[in-house]
Each structure stands twice: as C-alpha cells, then as structure tokens.
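Letter by letter, the sequence shown follows residues 1 to 730 in UniProt numbering.
Some notes on the structure that comes next.
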Amino acid sequence: MHFSGEGLITGASIETYLLEKVRLLSQADGERNYHIFYEVLKGMDDTELNKYFLTNKTAEHFKLTNASGVYDRGDGTDDGEQFLDIVDAFDNIGIAQETKDKILAVTCALLHASNLSFKSLSEDESKLDEENAHFDPFISLLGVTGETLNKHICSVSLQFGKETHLKSLPKDKAEKGMESFIKATYDALFTRVVQLINASISTKEQESKKATIGVLDIFGFESFTTNSLEQLCINYCNEILQRQFNSAVFMKGQEEYEREGIDWDFVSYPDNRSVLDLIDSGKPSIFNHLADQSKLPRATDKGFASAIYKSFKTNKHLEATNQQVTNLKFSVAHYAGLVEYDAKGFLNKDRDELPKGAAEMLFSSSNEFIKELAAIISNPSSSESIAGGANSTSSVKKRMGSSRDTISAKFRRQLRGMRQKIDSMNPHFVRCLKPNDELVPDYFDPVMIVDQLRSGGVVEAVRISRTGYPQRFSFSSFVDRYWMLGCEVVGQTPVTKELVEALVTVIGFDGVQVGKTTVFLRQQKSERLETLRRQRVNSSVIRIQAICRGYIAHKLYRKSLESIVQVQCYIRRMTSIAKVNRIRRQQVEEQAAMIIQCAVRCKKARSVLEGRRVRRQQLEEQAARESLEQAARESLEQAARKTPDLESSDTTVSIPSTTELATEAAVSPLTKSAAPSLVDEKVPPASVSDASKKVYKKKPNHIVGDGTIDSIKEKMEKGSFTYMKDTGVW
1 MHFSGEGLIT GASIETYLLE KVRLLSQADG ERNYHIFYEV LKGMDDTELN KYFLTNKTAE
61 HFKLTNASGV YDRGDGTDDG EQFLDIVDAF DNIGIAQETK DKILAVTCAL LHASNLSFKS
121 LSEDESKLDE ENAHFDPFIS LLGVTGETLN KHICSVSLQF GKETHLKSLP KDKAEKGMES
181 FIKATYDALF TRVVQLINAS ISTKEQESKK ATIGVLDIFG FESFTTNSLE QLCINYCNEI
241 LQRQFNSAVF MKGQEEYERE GIDWDFVSYP DNRSVLDLID SGKPSIFNHL ADQSKLPRAT
301 DKGFASAIYK SFKTNKHLEA TNQQVTNLKF SVAHYAGLVE YDAKGFLNKD RDELPKGAAE
361 MLFSSSNEFI KELAAIISNP SSSESIAGGA NSTSSVKKRM GSSRDTISAK FRRQLRGMRQ
421 KIDSMNPHFV RCLKPNDELV PDYFDPVMIV DQLRSGGVVE AVRISRTGYP QRFSFSSFVD
481 RYWMLGCEVV GQTPVTKELV EALVTVIGFD GVQVGKTTVF LRQQKSERLE TLRRQRVNSS
541 VIRIQAICRG YIAHKLYRKS LESIVQVQCY IRRMTSIAKV NRIRRQQVEE QAAMIIQCAV
601 RCKKARSVLE GRRVRRQQLE EQAARESLEQ AARESLEQAA RKTPDLESSD TTVSIPSTTE
661 LATEAAVSPL TKSAAPSLVD EKVPPASVSD ASKKVYKKKP NHIVGDGTID SIKEKMEKGS
721 FTYMKDTGVW
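Dropping the structure here:
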C-alpha cells in the first residue's frame, strides 16, 4: 500500500510468489483443489451453468475436484455465497462484465479439460477422444478447433533446418502434455486476474509515493509424507524469512549495543546461514545443481540426486542414508526440523515443460482474452507488462522461441527482490500458529503450539529480549516522553546526553543505559516507567480536568442563574395571567348562575301565580254557579208559594232567566255577603241538598226532568216554565 506525504493512500499493488500448480492435479488427503472450481459449480445459476456446459454438473463429476473426495470447505464457508462475493468484488474494482465472462469461461474450460480422454492409435501415436462429452465444450470455450487441439497436444514440432515436422506422441506423453497445459493455463489466468486487480487499485500518484506498507502473506513451513520441489521452495522461503527475523531481533540489536558503547554480554542465537548456503547461496548448492541438470536435455532425477550426495557428503545439514540413496531421497535439517525430500520428479517440475505448440494453439483462438493468456504462457518473465493488450500478439510470438525460466530460477529471483524490500523497510513479524492437525474448531493442542513457537525461534527471541534492552529511545524522544518525571532538571536547556543522564538519575531506575545517541531500557523497567508516566499524566489530567470542569460549571451556573430568573419571571407572569383568567371566569360563571337562577325562579313564580289565578277563577266560577243555583232554588220556592190553583185554568207564569237571576244575585247584598271566600272558604253543599229536598217534598212529581239541579238550570236557561193543565205540572 502506497501513501502520500499527508498519510493518504495513493494506491496499492499485488505480487504473487510460487503458485502451487501441482495442487491442480493432485491434492493431499483431506484437502480440496483451489476453491474457485467448487464455487463456480455451486454458485452459478442455471443460465450460467448452461452457458458453460455445466448443467447438472457437480464437483463429483470432474477430475480437478474429485481427486481427494473432499467437496466442502472445512471451515463451513458456503461455496455459493463465496462465488457471489467474488462476482461483487469484480464489480467493485471495475472489471467489465465481458471480462468476467471470459474469466469464468476459461475456469470452466479447465474443468472440462481435466475430463478429456485420449485414444491410442499405436504405441507412438494417440488422439483426443472427440466422442468424449467434454470435448466440444472445451474447444468451444477456448475458441479453438478440434483439429488444432489434436495437433498441438498429441504431437510435437521438430525443426530440421528450415523444415518443420510433426511427430506424434504416445498416449501417456499426450496426457502429461494436457496436464502441463492445464497447469500453465491456470497459472496464466491467475496472473491475468492479478494484473486486472493491479490495474484497478494502482494509480499514477503512487509513483511519487512517500511511504509504503507491505504485507507479506506467504506459506508456512511444510513437511509431508512425500516432499518434492514445491516443499523445498516453500521451506527455503521460510528459511530466508527466519534469517530476516534473526537479523531484525538478534543481530541488529547486538550490533547497535556495540555501536552505542553500552555494557552488554554477547548472547548466542540460532543462525541458519549455513542452511541457506546449502540450498541456494553456496557454491555448490541444491538449486545450482538443479539448474545445471535442468539445462541438460537427457539429465535424470538420479543424476541430480547423485550430484547432491557427492557435493554435500560432509555437510552437517544434509543427510542421506543408504536406503535414502537407493530411493533417491535426502534430508535437510531446517530450522524447524528435519525434512526428507524425494528427488524423483524434481527435474520435470523444475523445467515445467509445455507442449511446444500449446501457446501457439491459444494464439489461434478467436477469443482475444485467450490470446492474452497465451502471451503470458509464452513469456512469463514479461507477464507483468502484459495488460489489456499492451504487448501485441506478434511481438509475443517473436519471444516464444526464447528460453523459459525454470520454476526454481523464477522463485529465487522473486525471493531476492523480496529480501531487498524487507531489508529496506522496518519489519514487524506476525507468527501464525496452527492450533491442531485435525482442522477442527475449539481444539487447542498445547504440545503442537509449543513446538511451533520453538521451531519459529519465538521462544529464543523472548529469552534474548528479556536479557537485552528491547525498548530504545533517541535522546529527544526519551525527554519528550518522560520529562514530567523530572521537571526539576528538564528546563529550556537543549537535549544533551548529560540532560538525559540527569533525568535518568532523578527517575532512579536501574536497567536503563544511556548510549551515545540512544537510551536503552529493559522490558520490565520500560513497563514500570510507563506506569509512572501514566500515573503522573493521569494526576495532571485530573487536576486540569478539575479546573476546567470548575470553570465550565461556574459558567454553566451563571448561565443557569440567568435562565432561572427568566424562567421564574415567565412562570410568575403565566401564573398571574392564569389567576386573573380564573377570577374572570369565576365572575362570569357567577353572573351566569344568577341570571339562570333568576330566570328559573321567575318561571317558578309565574307558574305559582298562574296556578293561583286559575284556582281563584275556578273558585269564583264555582261560587257563581252555587249562587245561581241558590238563587234558582229560592226563585222556584217563591214561585211555588205564590202559585194559585191552576188545575182548573191555563195560566202561564214567567220565570226569570238564569242570567237575570245571576244579575240579581250579583247586585244583591245578601248574595254578596253569602258568597264564599275566594281563598279558603267553601260553600257547604247542605243548603243545596236541603233546598232540593224541599222542592221534592212539596211537589215531588210536578217538575219535569230527572230532578237534578242541572235539569232545573237547563229549564231556567230557556226563559220560562209552562204549567200544563192537563197534566198538572210545570
């Protein structure tokens, strides 16, 4: 990662080391092939599977994915979800959909390629089985013809002067050629993907980078039942990193002690320089012998092993028993332990030979992306500059005749560049420990962990660090960090060795040494010094915080006080307004109540008066009726007394009408005095009854009617009574 002077990331770049191509065709027990093959088969939808001729296909159907019988990841990660994450990652870095499709097409083509089969036409001649179900999908995805594929896989071009002849290959060599083609194509595809990523994450600004952080993620130490060239390269890389670790932790530290002139007893530490000389740096070395043998066309693994036995017969870091010599094996004493290597197959793996026409076959593809892969295969050393057609097909073809680097030579060149980068930087080492060999979670094997710590030099590094001075400060850094522990000696004076020594004296610590330009501290003393500094800083911080908080609290108090007065004024104003409104509302309610009460009482009074008036009127009417009735009776009685004997003559006597009688009664003082009271007195009905009785006694049958007062009143209202002589009644 590259940074500008302001500390901003300006870009990044990725470098790869020793892609383990052998894993493509053979996996150890319990391990899978590269994850991408399983993720493609599990994550693509039906449309994509049909597009790449993988409908109803799973990992069990292909040799690339079924060799070990393990189809799922041990950590429980879902391959389908991982595939979607990869597609999203391509989108995030700006890779076009067309390029993604081409990458997936090549990946799926390799799956089909692993299932291709060959037919033996004779002992020295073979041919691809075109009836194989994977033949047509393979040539379709690569954009080549079946004839071209057979020509470059099942035969080899021989140059005789200016003439070129094709020589057929037997079935076993054709199969080996197809395996080499699969490995080379996958390597080129991997390289091309890295190029696309670098093109996306790198910028022109990083060319003027001010700082760089490099993260090296590389294989750990390996020791299997059978170890070959891949394990030797990996373990050699780990030897180099261990050397870098020893140099950073032990060698440079002790060299600095001597340079600064402090009291120090030299401590021995493990040095693997002789192992590095055995593998590569010395003359001779294992890699030198391998390079020499790889150049010889008829060299064999036995000749390579014999050269090693002869050259390192007395080397204490290489062992070869009689049985190992018979089996072409040897053992190397690495810093992490003794590892036995099998020399069989070293030369073929190191040469990494391809069918001579493999790259030419890919150049004939109708797919431009396949041609880019062909350029990488034909000239791997220039693959870093091949991006998006930067190198034309013709220019690459011209370089196809140039010799290819061997695997070991390419890896050694990469490691030299890596060592130079590490030496130019300030390295920090992170040890990754494997908790168990069973690959199960929540299980910690303590013996295995201790072995890894010991073999990695961590235990020795801890021991030396405890006896040495791992913490170091320049004079200015030491004074800037710990001046508060000796304020009385640290003033405005410039920072000198004498000032630093005075500060150390005031602090009163042993385990601290002052060199020429650096202060050295033991780990325990450094921790104690940090504790004192933290306590002093904390106490100062507390005092500063107290003052600041007091000032802030005072300001808040003054502000709160002002706010409280304003709030009180507002509340009192609102309270007064509410009180006035309440009084006004109460007065209005009282007035309204009085009006309502007055109205109700008036209504009740009117009702009472009306009742009294009606009662008075009724009583007056009753009294008038009674007076009329009384007057009528008296008139009848008077008339009866004055009536002569009328039986013998017809005589008509006028009887006063009721109205006249009433008028007379009204003006008669006697009637007025006899009228009952309008309020409380009532006319006793006895007089009426008695009068009626008198009438009936005197003339019980002489009055027509029912004999009631009403009938008499009715007759009187008619104006007169008539005496009927024939009946003798009125």
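In this text, a Cβ means the ideal position worked out from N, Cα and C, and glycines have one as well.
Within the same chain, E239, H317, V332, A333, H334, Y335 come within 8 Å of V275 by CB-CB distance, once the 5 residues on both sides are set aside. If you draw a straight line from the Cα of R615 to the Cα of R606, it comes to about 14 Å. By the neighbour-count criterion, in which a residue is buried when 16 or more other Cβ atoms sit within 10 angstroms of its Cβ, I182 is buried.
K356 and F266 have their C-alpha atoms spaced approximately 58 Å apart.
In the three-state reduction of the DSSP assignment, I9 falls in the strand class. The beta carbon of V194 is closer than 7 Å to those of I14, T16 in its chain, skipping five residues each way along the sequence. Look at the beta carbons and you see the region 108–117 touching the region 128–145: at least three pairs across the two are nearer than 8 Å. Look at R573 here: in three-state DSSP terms it is helix.
V106 and L373 do touch by the CB rule: their CB atoms are close to 7 Å apart, below 8 Å. Uninterrupted alpha helix (DSSP H) stretches at least 4 residues long and entirely within the region 439–482 occur at 446–455, 458–467, 475–482, given in chain order. When the five nearest sequence neighbours on each side are left out, the beta carbons in the same chain lying within less than 7 Å of the beta carbon of T226 are those of D342, in order along the chain.
I449 sits close to L433, with the two beta carbons spaced by under 7 Å.
DSSP, read as helix, strand or coil, puts K119 in strand.
Assigned with DSSP and collapsed to three states, V156 falls in strand.
Between the region 245–263 and the region 303–320, the count of C-beta pairs closer than 8 Å stays below three; the two stretches do not touch.
Between D350 and I308, the beta carbon gap of about 14 Å keeps them out of contact (Cβ cut-off 8 Å). Secondary structure at D79: helix, using DSSP grouped into helix, strand and coil. Counting only runs of at least 4 residues, the region 265–327 fully encloses the following alpha helix (DSSP H) elements, listed from N- to C-terminal order: 273–276, 286–295, 301–311, 322–326. Taking the CA atoms as reference points, L556 sits about 25 Å from R573. Straight-line measurement puts the Cα of E48 at about 45 Å from the Cα of L290.
Here A188 is actually not in contact with I36; their C-beta atoms are around 15 Å apart, not less than 8 Å.
With a cutoff of 7 Å on beta-carbon distance, L521 and V512 are scored as near each other. Going by beta carbons, F429 and P435 fall outside the 7 Å limit.
Within the same chain, Cβ atoms closer than 8 Å to the Cβ of T517 are found at E260, S474, F475, the five residues on either side in sequence being excluded. Nearest Cα to T99 within the set L196, S157, D124: L196. Ranked by Cα distance from I218, the options A184, Q414, R73 are led by Q414. Residue nearest to L354 within the set I153, H554, L619 is I153 (criterion: CA-CA distance). K171 is positioned such that its CB atom lies no closer than 7 Å to that of S117. With contacts defined as CB atoms closer than 7 Å, V22 and E179 fail to qualify as a contacting pair.
Residue burial annotation: P270 is exposed, with fewer than 16 other C-beta atoms found within 10 angstroms of its C-beta. For E239, the three-state secondary structure derived from DSSP is helix. As a beta-bridge residue in DSSP terms, D342 pairs with K329. Here DSSP, grouped into helix, strand and coil, assigns H35 to helix. A straight-line Cα-Cα distance of about 19 Å links L54 and D129.
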